[in-house]
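In the working numbering, the protein residues as written are 1 to 409.
Okay, structure first, notes after.
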């Protein structure tokens with residue numbers, strides 16, 4: 001027996017085409033007075049979230065092979081300002097990708113026991129050995145459920161040494177590219193060698209009772225004593241103690257407007273590198289946001305020196321989304337080298353490296369990394385401890401090869 005579908009009534013097709021055309025005409029009208037894509041985007045933001053959705057949907061359709069109704073295509077064709085926004089819309093779509101917190105092969109995390117550790121002790125030293133410190137670390141409990149995310153199997157990952165890599169991009173690579181080498185080297189020119197930036201600088205943590213900050217939105221604040229800018233300060237301090245000069249951009253590129261943050265941080269990075277050709281390493285410091293199946297936030301931790309450090313993760317961009325980024329593998333090789341160094345002393349400190357289609361501004365340098373310093377559920381103390389450990393590992397990764405080369409002369 002052959003089952004035939006009833007043909008869709010002609011009036012429905014016409015209605016759909018008219019609706020799409022009307023929607024795009026609305027977008028064109030809303031941006032008629034705009035002279036560039038940025039002003040058009042702002043104009044749409046003032047109109048409604050619907051307008052932004054229409055713009056994003058129609059522009060993406062033009063380059064993804066989708067077929068638009070004739071009226072819609074004609075309307076967009078009459079608005080060069082919309083067509084000029086192709087790259088910006090593509091980048092926005094890719095930077096809004098959801099972050100899967102449990103990729104294939106990741107062990108379902110268990111809730112760790114939490115202890116009340118008493119009052120905060122700021123600026124604790126970096127432990128010289130795993131689990132040891134010159135003075136005891138004491139962190140106040142912020143009351144958030146703690147979990148440690150570690151791979152339970154190599155299945156679904158690219159594995160090199162102790163490093164697990166979750167490839168979520170359209171690009172392919174294997175463990176053969178990881179031989180310990182990477183292109184990034186500290187410049188011999190005078191001036192800062194490291195540029196630290198925060199695309200989403202207002203991202204903050206969950207503070208223990210009595211240490212709360214004034215929030216601008218959920219887990220966000222413009223108070224740079226509590227957001228990821230403070231974490232950047234800590235990384236910078238450790239690098240400078242090691243003799244590596246740092247330029248730290250403390251601007252909040254995601255405030256007051258979140259949309260366009262990557263464009264603004266890219267402008268900052270390009271300006272810094274133009275003014276300081278000595279910059280060899282660009283660090284974009286973020287924090288993650290993770291919830292369980294019920295929507296309850298939790299923090300990701302690793303035991304260090306008797307307390308919890310925030311688990312970290314490198315996010316590596318590629319050209320898989322269509323934007324130019326020919327040297328993305330060098331960023332990945334650098335991340336793997338730093339991660340291997342950290343895992344040798346702190347086996348659960350790092351979550352798997354995540355490789356994405358988005359480039360996250362990492363095309364600016366073969367030494368560009370995006371780091372997630374814990375999650376919204378972590379405390380600032382936990383993130384600061386991880387920042388010190390990351391700064392130490394970065395310094396060792398860059399300085400030791402230079403010292404060995406000097407000894408070999």
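In this text, a Cβ means the ideal position worked out from N, Cα and C, and glycines have one as well.
Assignment of residue 304 by DSSP, reduced to helix, strand and coil, places it in the strand class. The Cβ neighbour count for residue 152, taken over all protein chains shown within 10 Å, is under 16; the residue is labelled exposed. Take the alpha-carbon of residue 140 and the one of residue 360: they are about 34 Å apart. By the Cβ test, the segment 342-362 is in contact with the segment 387-395, since at least three Cβ pairs between them sit closer than 8 Å. If you compare the alpha carbons of 378, 155 and 157 with that of residue 288, the shortest gap goes to 378.
Minimum Cα-Cα distance from residue 176 among the listed residues 159, 184 and 188 corresponds to 159. Sequence-distant partners of residue 164 (beyond 5 residues in either direction) whose C-beta falls short of 6 Å from its own C-beta, in its chain, are 151, 157 and 352. Rounded to the nearest whole angstrom, the CA to CA distance from residue 382 to residue 309 is 4 Å. Its chain contains 204 and 376 as the residues whose beta carbon lies nearer than 6 Å to that of residue 219, once the 5 sequence neighbours on both sides are disregarded; these appear in chain order. Contact annotation, residue 227 with residue 202: C-beta distance approximately 5 Å; criterion of less than 8 Å satisfied. The C-alpha of residue 349 lies about 30 Å from the C-alpha of residue 321. Using a 10 angstroms sphere on the CB of residue 299, the tally of other CB atoms reaches 16 or more, which defines it as buried. Of the candidates 356, 181 and 264, the residue whose Cα lies closest to the Cα of residue 251 is 264.
The beta carbons of residue 246 and residue 365 sit about 15 Å from each other, so the pair does not count as a contact at 8 Å. Rounded to the nearest whole angstrom, the C-alpha separation of residue 187 and residue 296 is 45 Å. Annotation: the continuous beta strand (DSSP E) that includes residue 164 extends over 163-167. Non-local C-beta neighbours of residue 276 in its own chain, meaning closer than 6 Å and more than five positions away in sequence, comprise 191 and 192, ordered along the chain. The beta strand (DSSP E) runs lying completely inside the segment 141-222 and spanning 3 residues or more are 158-160, 163-167 and 194-197, given in chain order. Listed in chain order, the non-local C-beta contacts of residue 291 below 6 Å within the same chain comprise 297, local neighbours out to five positions each way being set aside. According to the DSSP assignment, residue 282 belongs to the beta strand (DSSP E) that extends over 281-288.
The Cβ atoms of residue 273 and residue 373 do not sit closer than 8 Å to each other.
For residue 235, the enclosing alpha helix (DSSP H) starts and ends at 228-241. Out of 168, 185, 146 and 285, the CA that lies nearest to the CA of residue 278 is found in 185. Residue 372 has 286 and 313 as its beta-bridge partners, per DSSP.
In the three-state reduction of the DSSP assignment, residue 363 falls in the helix class. Taking C-beta atoms as the reference points, residue 249 and residue 301 fail to come closer than 8 Å. For residue 265, the enclosing alpha helix (DSSP H) has its first and last residue at 261-275. Beta-bridge analysis with DSSP links residue 299 to 146. Rounded to whole angstroms, residue 261 and residue 284 show a C-alpha spacing of 12 Å. Scanning 147, 354, 305 and 224 for the CA closest to the CA of residue 329 turns up 354. Secondary structure note for residue 247: its beta strand (DSSP E) is the uninterrupted segment 246-248.
In terms of Cα proximity to residue 154, the closest of 147, 137 and 174 is 174.
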